[in-house]
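Colleague: Questions regarding the structure given below will be posed in turn.
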Amino acid sequence: MEDTAGMVVIDLGLERGEPPTYDSPGRPTVPLWFPAAILAVVVLMLTAGSVAPARSPLATIFRLQVGPADTYALSGDGQLLAQTFGLLTSYDLTSGQMRWQAGQSTPAYRLRLSEDLVLMRPWTTGATEPGTTAVSVFTGASQWERPGNVITVAGSSRLLAVSSVRSLTGTGRRVQGPIEAVDSTTGRTLWTVPVPSTAVLLGVPGVADESSRMLLVHDNRTFAVHDLDTGKLLATAKVPAADYNPDNPVVADGKILLRHPGEAGAEISAYDPVTLKQLWTEPAGSSYQMQACGVLACLSGAGGVRAIDPATGDTLWTRRGWQEIEQFGTLFVAYGGTDGTIPLGVVDVETGALRLSLRGWRPVTGGGEDGNLLLVRAADTRGRTMVAVARPGDARPRVLGALPAGTGDCQAAPSRLVCRTMYGELVVWSYQESYQEG
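Under my numbering, think of the first position of the sequence shown as 36, with each following residue one higher.
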């Protein structure tokens, strides 16, 4: 330190005015963990962009080019059967690999499956009744071809060849001429039941150890029950006049229910499926449509939906505001609205309780995993479609994702969704029902 003209000058010894130890400190001036923390942050920033995104619950498996009128179906053993311009092809729903391809044939308006057969009837614009061709589900080989319409029978593996009666409402259950049982292996006729004029035909599934039977409602107001193995007539009975439309009569829990005019208005009568003995008759009220709802019968009309016990005719529950109930696999969906086209929810048909609301969603034909229900709804004005799954026990449908704009005409199978697109494609998506939103 110097004294110059009364001014004291202090020499710090360094240009920056810092102690010598600052130039070469003897101990760290920052915490030991600080460099490691900086390094970790840098590593996270560099690797964050390379982390694989979460797997989408909807993923495209494969797509096919199809025409707007080409038909397709999903088999129970995991096949997509698609007919493109008359060429029937089978694809594995899991991998998209082609299993087999059948020979060229006239395009069919619908593919119907019966155990190990695909039944096809071609489009026709003339008065001639087209025949039915049977193709093996396993190999695609043609098994047989025969004239007429070959149909399946509810509750049985029996095939029947019939001539359908066309009406203003389309082809229903009314047939005319002989009914022939068809051997599914050879296509030959096993037995024949004559129908003098016309009749309504429906299957009567067996209950417990009973065999399934065929019921004919002849136009002379006679019920006739036949054995499906032999065609033998088992019982007949005179019944009241009725309209015999596509849902009259119906079979619910083994009982035959007929809606018909009565003395004071419309009535419903029940008949034993074996003896055709009349079991009970009750007023139909405002109900004009009947259907089986599990072990119950559901009656629809202006007063809503009413469920009755087919064995007694007793009303078990009534729901105002409902229009009808539709079955999807093992689940039942209630519909409302003025025209009965608005899905309300999944129903417990034994109690009439709504188990899961479907407001805004529409069920997809076919079933998901464990019999769950796949749903779709319009997502936005751009034409996208949202997909969700409804599982009993959930509070609401679980959203899976969105399909591209212009996608529709969908069918569901376990872990697969098949839809048409506006670009002339049939697209197969995989989906995960366990996907959680958010």
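Ideal placement from N, C-alpha and C gives every residue a C-beta, glycine not left out.
Considering only their Cβ atoms, is the gap separating residue 348 from residue 396 smaller than 7 Å?
Modeller: no
Colleague: From what residue to what residue does the beta strand (DSSP E) around residue 249 run?
Modeller: 248-253
Colleague: Tell me, please, whether the stretch 392-406 touches the stretch 366-382 by the rule of three or more beta-carbon pairs shorter than 8 Å.
Modeller: yes
Colleague: Count the other CB atoms, across all protein chains shown, that sit within 10 Å of the CB of residue 341; report buried if there are 16 or more and exposed otherwise.
Modeller: buried
Colleague: Output the distance between the C-alpha atoms of residue 437 and residue 413, rounded to the nearest integer angstrom.
Modeller: 9 Å
Colleague: Take residue 197 as the anchor and find which of 106, 331, 233, 170 has the nearest alpha-carbon.
Modeller: 233
Colleague: By the three-class DSSP mapping on this structure, what secondary structure does residue 404 have?
Modeller: helix
Colleague: Suppose you measure from the CA of residue 338 to the CA of residue 289; what does that come to, to the nearest Å?
Modeller: Looking at the two C-alpha atoms, the distance is approximately 26 Å.
Colleague: Identify whether residue 280 lies in helix, strand or coil by the three-state DSSP scheme.
Modeller: coil
Colleague: Measuring only between beta-carbons, confirm whether residue 233 sits less than 7 Å from chain D.
Modeller: Considering every chain present, this structure includes no chain D. It has just one protein chain.
Colleague: Among the residues of its own chain, which have a CB less than 6 Å from the CB of residue 16, if the five just before and after it don't count?
Modeller: Residue 16 lies beyond the residue range present for the chain, which begins at 36 and ends at 473; the question has no answer from this structure.
Colleague: Indicate whether the contact test is met: 3 or more Cβ pairs, each with one atom in the stretch 268-280 and one in the stretch 210-218, closer than 8 Å.
Modeller: no
Colleague: So what does DSSP say about residue 273, is it helix, strand or coil?
Modeller: strand
Colleague: Sort out for me which residues DSSP pairs residue 137 with in a bridge.
Modeller: For residue 137, which the question treats as bridged, DSSP gives no partner whatsoever.
Colleague: Which of helix, strand or coil does DSSP assign to residue 290?
Modeller: strand
Colleague: Mind checking who residue 361 pairs with in its DSSP beta bridge?
Modeller: Per DSSP, 368.
Colleague: Is residue 453 buried or exposed, if buried means 16 or more other CB atoms sit within 10 Å of its CB?
Modeller: Taking all protein chains shown into account, residue 453 has 16 or more neighbouring C-beta atoms within 10 Å of its C-beta and is therefore buried.
Colleague: Return yes when the Cβ of residue 101 is within less than 7 Å of the Cβ of residue 461, no when it is not.
Modeller: Yes. Within cutoff.
Colleague: Based on the DSSP output, what are the partners of residue 149 in its beta bridges?
Modeller: 152
Colleague: Cα-Cα, which of 428, 330, 278, 309 is closest to residue 302?
Modeller: 278
Colleague: Starting from residue 353, follow the beta strand (DSSP E) in both directions and report where the run begins and ends.
Modeller: 350-354 is the span of the beta strand (DSSP E), which, as asked, contains residue 353.
Colleague: Helix or strand or just coil, what does DSSP make of residue 450?
Modeller: Coil at residue 450, not helix or strand.
Colleague: At what residue ranges does the stretch 161-221 contain a whole run of the beta strand (DSSP E), taking only runs of 3 or more?
Modeller: 167-171, 177-181, 184-187, 194-199, 209-217
Colleague: Within its chain, find whatever has a CB closer than 7 Å to the CB of residue 78; leave out the 5 residues flanking it on each side and keep chain order.
Modeller: In this prediction, residue 78 scores a pLDDT of 45, lower than 50, which makes its location untrustworthy; the coordinate-derived value is nonetheless stated afterwards. If the five residues before and after residue 78 are omitted, its C-beta is found closer than 7 Å to no C-beta atom of its own chain.
Colleague: Could you check what DSSP says for residue 120 in three-state terms: helix, strand or coil?
Modeller: coil
Colleague: For residue 185 and residue 154, what's the separation of their Cα atoms in angstroms?
Modeller: For residue 185 and residue 154, the distance between alpha carbons rounds to 8 Å.
Colleague: Excluding the 5 residues flanking residue 87 on each side, which residues of the same chain have their C-beta closer than 8 Å to its C-beta?
Modeller: Because residue 87 carries a pLDDT of 45, less than 50, the predicted location of this residue cannot be relied on, and the following value inherits that uncertainty. Apart from sequence neighbours up to five positions away, no residue of its chain approaches residue 87 with a beta-carbon distance below 8 Å.
Colleague: DSSP three-state call for residue 465: helix, strand or coil?
Modeller: strand
Colleague: With residue 357 and residue 386 assumed to form a contact (beta carbons below 8 Å), what rounded beta-carbon distance in angstroms separates them?
Modeller: Not quite, the Cβ-Cβ distance comes to about 14 Å (not below 8 Å), so this is no contact.
Colleague: Please classify residue 443: does DSSP put it in a helix, a strand, or coil?
Modeller: Residue 443 falls in the strand class under three-state DSSP.
Colleague: What's the C-alpha gap between residue 255 and residue 137?
Modeller: 44 Å
Colleague: Going by Cα to Cα distance, which pick from 360, 96, 465, 374 is closest to residue 404?
Modeller: 465
Colleague: For residue 328 and residue 317, what's the separation of their Cα atoms in angstroms?
Modeller: Spanning the two alpha carbons is a distance of roughly 19 Å.
Colleague: Measuring alpha carbon to alpha carbon, tell me which residue in 424, 440, 429, 432 is nearest residue 448.
Modeller: 424
Colleague: Flag this pair as yes or no: are the beta carbons of residue 411 and residue 420 separated by less than 7 Å?
Modeller: yes
Colleague: Just to confirm, are residue 261 and residue 228 a CB contact at a threshold of 7 Å?
Modeller: Yes.
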